[in-house]
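Undergrad: Last residue of the sequence shown: 317 (UniProt numbering), numbering continuous.
Glycine included, each C-beta is placed from N, C-alpha and C at the ideal position.
This one's a predicted model, so the numbers in the text were calculated from it and none came from an experiment.
My questions all concern the structure below.
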Amino acid sequence: MNEPFSGSSAQLAMPALLNAYGTMMYQKHGVVMSEEELALTWGNEQKRTEALKELADEASYASVIDALQEVNQQFESTHLQAMYQKVASAIRQVDQRSVLFLEHSYFGNMGVRSSIQRVVLEDGTPDSQVAYAPHGYDLVTDTHDAAAASNERVNFIYRRIQEKGEQLDMPVWLGEWGAFYNHSEDIVPVAQHAVSLIEQYKFGQAYWSYNEGTEKLGYFQQAILRPYPVCTNGRLLNYQFEQESSLFSMTWQEDGLTDAPTMVFVPDVKRLSIQELPFEAHINKLEGTEHGWLVIQPLGKQKQRSISISLNERLMK
């Protein structure tokens, strides 16, 4: 379900946010804002842009956004969770293998803690085939000020997502993020920071959204289009692509239980030389493009493995 919304109870959200913002302003600056001043601040785009600068640090942002916790919890813990369980139970009557993706509510996009829980099977045991599929967006998304996104706010939002994934003990697939559309080069650092967090937390992800020509834009070429692990034999421990040096690194623990390969997407396979690889691998090229996959064969035993790939110098180890 896409961004479940709490309906009429969401009317409680804005008063809670305005009150929390007023409290934050008093605690930080000793400024007392009337209800009218608060309403005018958030009702005017220019004033709202200025107001968001007060929420650029994690502590200030948390003090305001957490005012929505109670409203959000009431909706997710009752209506949303019940709906998820009802749908999951119906699906499991005919399909026991497919992975079910559970998404937090709309307010969770901004970093409000989610209260959703893992659905259970008919006998009450936790369903093991479930993943957490949140969305994550900064407050300036879908505005002219998207390039002014706060790194600290994005840090906060993605960390909340990571914490929820750990609490649920479920893999995280970031179902939406970014929404940079046709923004120019000024959005590139914002995109690169988001990608660095996705890599740090090892989120699966799907960028939103794609329009004709998106693949030619700066943020796509300089942030989204990069090497990354597609599938791993065993457990992925860490990976990172450094834009400045074009160095991709990855570490994983092979389990020795399957013969499935580890696959790494490579934007330009011409930069790779199989002869330089110190292990058994081959390249599967994506027909009609310069892209492809580096397919690394498993060792057939439990072992921690790592690779470093420089797409500048064709240097691999």
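(1) Which term fits D123, buried or exposed, when burial requires 16 or more other beta carbons within 10 angstroms of its beta carbon?
(2) Run through DSSP, which three-state label would F203 get?
(3) Report yes or no: do the segment 142-159 and the segment 188-197 share at least 3 C-beta pairs separated by less than 8 angstroms?
(4) What residue does the beta strand (DSSP E) around T262 start on, and which one ends it?
(5) Give me the Cα-Cα distance between R118 and E36, rounded to the nearest whole angstrom.
(6) With respect to the alpha helix (DSSP H) encompassing R92, which residues constitute its N-terminal and C-terminal limits?
(7) Grouping DSSP H, G and I as helix and E and B as strand, with all else coil, what is E166?
(8) For F75, which residues in the same chain have their Cβ closer than 7 angstroms to its Cβ, ignoring the five residues on either side in sequence?
(9) Would E152 and D66 qualify as a contact pair, given that the criterion is a beta-carbon distance under 7 angstroms?
(10) With H, G and I counted as helix, E and B as strand and the rest as coil, what does DSSP make of I157?
(11) Which residue or residues does DSSP assign as beta-bridge partners of I307?
(12) Roughly how many angstroms lie between the CA atoms of Q304 and W293, to the nearest whole one?
(13) Grouping DSSP H, G and I as helix and E and B as strand, with all else coil, what is K285?
(14) From F156 to P261, what does the alpha carbon distance come to, in whole angstroms?
(15) Kindly list the residues whose CB is nearer than 6 angstroms to the CB of E176, restricted to its own chain and excluding five residues on each side of it in sequence; keep chain order.
(16) Between which two residues does the beta strand (DSSP E) carrying E242 extend?
(17) Can you tell me the Cα-Cα spacing of T23 and S273, whole angstroms?
(18) How is L315 classed by DSSP in three states: helix, strand or coil?
TA: Let me lay it out:
(1) By the 10 Å Cβ count, D123 comes out exposed.
(2) Collapsing the DSSP output to three states places F203 in coil.
(3) These segments touch.
(4) From DSSP, the beta strand (DSSP E) with T262 extends over T262 to V266.
(5) Taking the straight line joining both Cα atoms gives about 42 angstroms.
(6) Where R92 is concerned, the enclosing alpha helix (DSSP H) stretches over Q81 to R92.
(7) Note: E166 maps to helix in three-state DSSP.
(8) S6, S9 and S105, listed in sequence order.
(9) No, the Cβ-Cβ distance between E152 and D66 is not below 7 angstroms.
(10) I157 sits in a helix when the DSSP states are folded into three classes.
(11) I307 is bridged to M250.
(12) One Cα belongs to Q304, the other to W293, and the distance between them is close to 21 angstroms.
(13) Note: K285 maps to strand in three-state DSSP.
(14) Answer to the nearest angstrom: the Cα atoms are 35 angstroms apart.
(15) Closer than 6 angstroms at the Cβ level, and outside the excluded window around E176, lie H135 and W208.
(16) R235 to E242 is the extent of the beta strand (DSSP E) around E242.
(17) Using only the alpha carbons, I get a separation of about 60 angstroms.
(18) Any reading at L315 needs caution, since the residue's pLDDT is 41, under 50, leaving its predicted position unreliable; the model's value is listed next. If DSSP states are grouped into helix, strand and coil, L315 belongs with the strands.
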